[in-house]
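**Q** Protein chains in written order, with this note's numbering: chain A, 61 to 389; chain B, 79 to 405; chain C, 1076 to 1355.
Virtual Cβ for every residue (Gly too), placed ideally from N, Cα, C.
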Amino acid sequence: MSVYAPQLETGSPPTSKRGRRSSPWTWRWRDRLVLACAWTAGLGLCAIAAAIVLYMGYRGIEYLRPGLLFTRPAIGQSQSQTGGILDPLIGTALLTLIGIGLAFPLAVACAVWIAEYGRPSWLARVVESSIEIVAGTPDIVLALFGLSIFQLGLFAPLSFRAEGGGVYGRSFVAAGAMMSLIALPPLFAATRDGLQAVPEHMREAAFALGKTRIATIRRVLLGSVRSNIATGVTLGVSRIIGDTAIVLLLLGETLHIETQGPVPVVDLLRGTGSTLTSYVYDNSPAGEGAAPQKAYAAAFVLLVFVLGLNLLVERIGRSRPAPSPLTGR
Amino acid sequence: MSRLRDPWPDHRAERLLGAVSLLVGACVIAMIVFVGVRAWPIFEHNGLSWLGPGGNLETQIANMQATSVNPPASAYHLNAWPLVYGTLLTTSIAIVLGTVIAVLSSIFIVELAPARLRKLAIPVIRLLASVPSVVYGLIGVLVLVPFVGNHLVTASEKNSVQNFVELTGAGLGVVVVILTVMITPIMIALICEALMAAPASWREGAVALGLNPLRAVLAVTLRAIRPAIAAAAVLAAARALGEAVMIQMVSGGSSYTPNFSHGALIFFYEPLRTLASAIVDYHEGLGAPALRATLYAFGALLLFSAFVLSIAGYLIKLPLRRYQVRG
Amino acid sequence: MNRNRRLTRLRSLALAGASAGVLGVAAAPTTALATPTISISGATASYPLVSLLAAKYVKLKPHSVKFKITQGGAQIGINDVASSRVSIGDVSRDPLPSDPKGLVFYPVAKYGICVVTSSANTLSNLTPAQVVSIFTGKTRNWSQVPGATASGTIDLISRTSVAGVLTSFQTLLLEGKKVTEPLAHERPSEGLLRTEVETDPNAIGFLSNYQAGLGKLNTVAYNGETCNRATVQAGQYAGIARFYEVTRGPAQGFVASFISWITKSAAARKIISSQWVPVT
């Protein structure tokens, strides 16, 4: 046993083949109780996760017909008349695009600046703390913030101005902007950690070849943190898809996607709609909810997306090969 | 020739990237300013007493909704204690339960589980952490609430509080159960990391002195990572505070303060409302100025609490560096 | 070198031009070329009626207006129209002295407020005194209500304070008293109230006659008068209230055309007469 030679390795329990491991039957009852509780807690959590997945799967297969994915929702009295979930699906995709589209350049630029430049240092600390604050802010507060901004007269073109001059303040752009704030912290953290993990000798080699710092970043570093960025984007997308509060307050909650006017793309962004999350909420007994079947179907689709993104994150993490000592890549 | 395609000199790039970062920082400051300015009327009229008890909250909010144009100063009167109480109650119970379960589960995952089960546990934890809150709320309102309402709440219990409140199954118990399940994965991730990074030699020394392996972990490693456990609890508290949609779906939506003197079991059946779920409940009434100031005041309080908790978590994690425990 | 610089300059000019174009188009206010939008918000009780009327109006006069209808409760409708967030407010109660000045109420239909219980509870009639006593929380058990087939605590289901139906109910059937709170379980819309009463055998609530006729509910007679469209039309039922369309100042332009179509045209009258009663 390594009592005399101190080790700093990360621990696995002592599995020395010399000497017997003490059997739990010889322990005090207090320790046996803790052992039982620990096993219960661990297995219990696995059981809860399995129960959630299996139950949602059972309900989803029961209520989700493939046709629902391509039918538009409708107002109806009974559940067979309320149509499908096409508009919420499109709404989710659109919001994700806008959110990631806004968050990606901001997050990567911030991460690059903090990791590579970071002068003056007080500003770097301020920026890092603000991103931490955003990460810790509840999404309902971000939704309130979004409402307060987009109901200003300045931003009236980004939504809808009512007859008497009141700005509606709810549109895809408004919700997408706040979604980008949701996706920013994971993307920023992943990129910054990746950049900080790139060994110094790669930068030094690039400088020795005469490249400027920004050229090194563009050509060398960003390529080597591709998988970190991919992980960050996937985490951000997963957070955007699962968010409800911002959608409830900032997307206008109309059943169909309603464009604001005739112009093709721009008036879609100014329009209102719904997403999978607000559809689930509206059809549950907490919303207008006479349609728990549709709520289950949409929730199943949502869960499938989230699980798929989880698998993607794991696949990206596993496929990242260990950096070779020569190239560092 | 390469300089032709990289026309950006370093200082220009640095300034641009710095400006973008400053923009992000400015967004956050803008958030604090905007929410604070919109919330100011409530603070101006009530001071801090709007956090305390007094008056009937439902009447006050109805009054706010009824005075939509140029509301008189009396419309801004607010005593939101039921909401503050509901938030404190749900968060603290969920944190206590969650910490216990998270510590036990982390010990299980790191020390006790056979290797195959350990490899299964990590995706399970990540799954629990990434389920959207509206799905938790859906399962709560369609499965747990009817179960509690129809099978757990007895008629005699309903009768005993019939002059105070209606027990429908949606209430404190269901909220706490689901909230615990939501925040435990966050804590497990942090505590597992800390357990694995704690020096193994300490535990091995304890085993050499005659402790059984589990007691060695409990006596030595757990005490060493106490700051990590505290940081995990603080982080989870920030998450629990801000949970709005799930709680709105399963809490019964009544501004009632659960009363422990009705009996311990009935206490958990009683409905309640938290600050965050109140914002979701009343968000359609944002057109009335007094109600808007109220909801922003709730948001300002949540923002402030999350801010304080983040700082606390950061400060707690500082001494962890001493033990080379990555927080 | 000159060529590269020229290309870069052209590229940035094109990008600037494109973004200016996009922003310009986005900033252009809804011109007369686009169809104007009538935004409506308010009572959940009149939402089915107003949706049907709007759909018929669009079918009869295509491309003249678009509608954006939301719900939230009569008080929300009043607040929204008073602060000009919407063009029309749906209101299901009579004007109150506390309403903001300058609002114009146009009555469009009459409806009845029915007391409802779950279909398992075949209570047939309630006197006014009984209704007051139940909804103000004095009677708490079904055993104290003769004729009720439910047993146990009475589950009161009511509406949130923004509901016009609640105000009308309290004025017309509750002799001006208020529904007790926090005992009553407040639901934010008629549909949700109906769902709750349907699924809880001990529940009692109040709905507009249209919603009461929709689900599997037991409608309780008030003072011997059943609550349905016929008795509302005949004026015999006690709980008759009105739906109003409210505008800020007298209605003008396409809003005025829509409201006068509702109150005057035969097609609108036919829609109103299907489940409600026209205001003659």
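#1: Nearest by alpha-carbon distance to residue 159 of chain B: which of B/384, B/336, B/348 and B/392 is it?
#2: In three-state terms, what does DSSP make of residue 1165 of chain C?
#3: Would residue 274 of chain A count as contacting chain B if we go by Cβ distances under 7 Å?
#4: Run the CB neighbour count on residue 1084 of chain C, radius 10 Å, all protein chains shown included, and call it buried at 16 or more, exposed below.
#5: Could you tell me whether the Cβ of residue 226 of chain A comes closer than 7 Å to any Cβ of chain C?
#6: Looking only at its chain, what residues have a beta carbon closer than 7 Å to the beta carbon of residue 231 of chain B, apart from the 5 residues adjacent to it on each side?
#7: If we count the other Cβ atoms within 10 Å of its Cβ and call it buried at 16 or more, is residue 286 of chain A buried or exposed?
#8: What is the C-beta distance between residue 1245 of chain C and residue 1285 of chain C, in whole angstroms, given that I count them as a contact (C-beta under 8 Å)?
#9: Apart from the five residues just before and just after residue 1196 of chain C, which ones in its own chain have a Cβ nearer than 7 Å to its Cβ?
#10: Indicate whether the contact test is met: 3 or more Cβ pairs, each with one atom in the stretch 230-250 of chain A and one in the stretch 155-174 of chain A, closer than 8 Å.
#11: Would the stretch 288-297 of chain B and the stretch 253-263 of chain B be scored as touching if the rule is three or more Cβ pairs under 8 Å?
#12: Listed from N- to C-terminal order along the chain, which residues in the stretch 314-345 of chain A have their beta-carbon within a distance smaller than 7 Å of any beta-carbon of chain B?
#13: How would you list, in chain order, the residues of chain B whose beta-carbon sits under 9 Å from the beta-carbon of residue 1215 of chain C?
#14: Using a Cβ-Cβ cut-off of less than 9 Å, give me the residues of the stretch 101-116 of chain B that come near chain A, in sequence order.
#15: Along the chain, where does the alpha helix (DSSP H) containing residue 1312 of chain C start, and where does it finish?
#16: Any Cβ of chain B within less than 7 Å of the Cβ of residue 123 of chain A?
#17: Quick one, which of A/176, A/365, A/186 and A/91 has its alpha-carbon nearest residue 300 of chain A's?
#18: What residue range does the beta strand (DSSP E) around residue 1183 of chain C cover?
#19: Going by DSSP, what residue range makes up the beta strand (DSSP E) through residue 89 of chain B?
#20: If you draw a straight line from the C-alpha of residue 125 of chain A to the C-alpha of residue 207 of chain A, how long is it?
#21: Does any C-beta atom of chain C lie closer than 7 Å to the C-beta of residue 375 of chain A?
#22: Distance cutoff 7 Å, beta carbons only. Does residue 1256 of chain C sit that close to anything in chain B?
#23: Exposed or buried, residue 174 of chain B, counting other C-beta atoms within 10 Å across all chains shown (16 or more means buried)?
#24: Quick check on DSSP: helix, strand or coil for residue 1104 of chain C?
#25: I want to see whether chain B comes within less than 7 Å of residue 269 of chain A, judged by CB atoms only; does it?
#26: Within 10 angstroms of its Cβ, does residue 1123 of chain C collect 16 or more other Cβ (buried), or is it exposed?
#27: Is there a C-beta anywhere in chain A that falls below 7 Å from the one on residue 1101 of chain C?
#28: Below 8 Å, how does it come out for the stretch 353-369 of chain B and the stretch 319-331 of chain B: are there three or more Cβ pairs, yes or no?
#29: So which residues of chain B does residue 368 of chain A contact, with C-beta pairs closer than 9 Å?
#30: Got a sec, what are the start and stop residues for the beta strand (DSSP E) residue 1143 of chain C sits in?
#31: Going along the chain, which residues of the stretch 1140-1157 of chain C sit with their C-beta nearer than 7 Å to a C-beta in chain B?
#32: Are the CB atoms of residue 388 of chain B and residue 196 of chain A nearer to each other than 7 Å?
#33: At the level of alpha carbons, what is the spacing between residue 1177 of chain C and residue 1241 of chain C?
#34: By Cβ distance below 7 Å, which residues in the same chain neighbour residue 394 of chain B in space, the five residues on each side in sequence not counted?
#35: Within a Cβ cutoff of 6 Å, which residues of the same chain sit near residue 333 of chain B, ignoring the five residues on either side of it in sequence?
#36: Going along the chain, which residues of its own chain have a beta-carbon closer than 7 Å to the beta-carbon of residue 296 of chain A, five neighbours each way excluded?
**A** On the basis of the coordinates in this document:
#1: Indexing the second sequence from 1 puts residue 159 of chain B at position 81. Of the candidates B/384, B/336, B/348 and B/392, the one whose C-alpha sits nearest the C-alpha of residue 159 of chain B is B/336.
#2: To locate residue 1165 of chain C, count along the third sequence from 1; it is residue 90. In the structure shown, residue 1165 of chain C sits in a strand (DSSP, three-state: E or B).
#3: In the first sequence, counting from the first residue as 1, residue 274 of chain A sits at position 214. Taking Cβ atoms only, chain B reaches closer than 7 Å to residue 274 of chain A, which makes this a yes.
#4: Stepping through the third sequence from its first residue, residue 1084 of chain C is reached at position 9. That one is exposed.
#5: Within the first sequence, numbered from 1, the residue matching residue 226 of chain A stands at position 166. It does; some Cβ of chain C falls within 7 Å.
#6: By 1-based counting over the second sequence, the position of residue 231 of chain B is 153. Correct list, in chain order: 245, 247 and 347.
#7: Within the first sequence, residue 286 of chain A is the residue found at index 226, counting from 1. Burial call: exposed.
#8: Within the third sequence, residue 1245 of chain C is the residue found at index 170, counting from 1. Within the third sequence, residue 1285 of chain C is the residue found at index 210, counting from 1. With a Cβ gap of about 20 Å, residue 1245 of chain C and residue 1285 of chain C do not count as contacting.
#9: On the third sequence, position 121 is the one that residue 1196 of chain C refers to. Excluding sequence positions up to five before and after residue 1196 of chain C, its CB lies within less than 7 Å of the CB of 1223, 1224, 1225, 1276 and 1293, all in the same chain and listed in chain order.
#10: yes
#11: no
#12: 337, 340, 341, 344 and 345
#13: Within the third sequence, the letter at position 140 stands for residue 1215 of chain C. What residue 1215 of chain C touches in chain B: 237, 240 and 241.
#14: 101, 102, 103, 104, 105, 106, 107, 108, 109, 110, 112, 113, 115 and 116
#15: The sequence position of residue 1312 of chain C within the third sequence is 237, counting from 1. It is not in any alpha helix (DSSP H) - residue 1312 of chain C carries neither H nor E in the DSSP assignment.
#16: For the purposes of this step, residue 123 of chain A is taken as residue 63 along the first sequence, with counting starting at 1. False, the Cβ-Cβ gap to chain B never drops below 7 Å.
#17: Taking the first residue of the first sequence as 1, we reach residue 300 of chain A at position 240. Per the Cα distances, A/365.
#18: By one-based count along the third sequence, residue 1183 of chain C stands at place 108. 1178-1193 is the extent of the beta strand (DSSP E) around residue 1183 of chain C.
#19: Translated into the one-based positions of the second sequence, residue 89 of chain B becomes position 11. Run containing residue 89 of chain B: none in the beta strand (DSSP E); it sits in the alpha helix (DSSP H), 88-124.
#20: As a first step, residue 125 of chain A is located in the first sequence; it is residue number 65 there, counting from the start. As a first step, residue 207 of chain A is located in the first sequence; it is residue number 147 there, counting from the start. Answer to the nearest angstrom: the Cα atoms are 36 Å apart.
#21: Taking the first residue of the first sequence as position 1, residue 375 of chain A is located at position 315. By this cut-off, residue 375 of chain A is not an interface position.
#22: The residue labelled residue 1256 of chain C in the question sits at position 181 within the third sequence. Yes - at least one Cβ of chain B is within 7 Å of the one on residue 1256 of chain C.
#23: Within the second sequence, the letter at position 96 stands for residue 174 of chain B. Burial call: exposed.
#24: Translated into positions along the third sequence, residue 1104 of chain C becomes position 29. The predicted position of residue 1104 of chain C is uncertain, since its pLDDT is 41 and thus under 50; a value taken from the coordinates is nonetheless stated next. Coil.
#25: To locate residue 269 of chain A, count along the first sequence from 1; it is residue 209. Taking Cβ atoms only, chain B never reaches closer than 7 Å to residue 269 of chain A, which makes this a no.
#26: The residue labelled residue 1123 of chain C in the question sits at position 48 within the third sequence. Under this definition residue 1123 of chain C is a buried residue.
#27: Within the third sequence, residue 1101 of chain C is the residue found at index 26, counting from 1. Confidence is the limiting factor: at residue 1101 of chain C the pLDDT is only 42, short of 50, which leaves the residue's position unreliable and the question unanswerable from this model.
#28: yes
#29: Counted from its first residue, the first sequence places residue 368 of chain A at position 308. Ordered by position in chain B, no residue passes the 9 Å Cβ test against residue 368 of chain A, which lies about 11 Å from the chain.
#30: For the purposes of this step, residue 1143 of chain C is taken as residue 68 along the third sequence, with counting starting at 1. From DSSP, the beta strand (DSSP E) with residue 1143 of chain C extends over 1141-1144.
#31: 1147, 1150, 1151, 1153, 1154, 1155 and 1157
#32: Along the second sequence, read from residue 1 onward, the residue named residue 388 of chain B stands at position 310. Along the first sequence, read from residue 1 onward, the residue named residue 196 of chain A stands at position 136. Yes, Cβ-Cβ distance for residue 388 of chain B and residue 196 of chain A is below 7 Å.
#33: Counted from its first residue, the third sequence places residue 1177 of chain C at position 102. Counted from its first residue, the third sequence places residue 1241 of chain C at position 166. So the alpha carbons of these two residues sit roughly 24 Å apart.
#34: Counting from one through the second sequence, the residue named residue 394 of chain B turns up at place 316. Correct list, in chain order: 305, 308, 309 and 312.
#35: Residue mapping note: residue 333 of chain B aligns to position 255 of the second sequence, counting from 1. Cβ within range, chain order: 135, 136, 160 and 351.
#36: Walking along the first sequence from the start, residue 296 of chain A turns up at place 236. Only 160, 163, 243, 246 and 247 meet the Cβ criterion.
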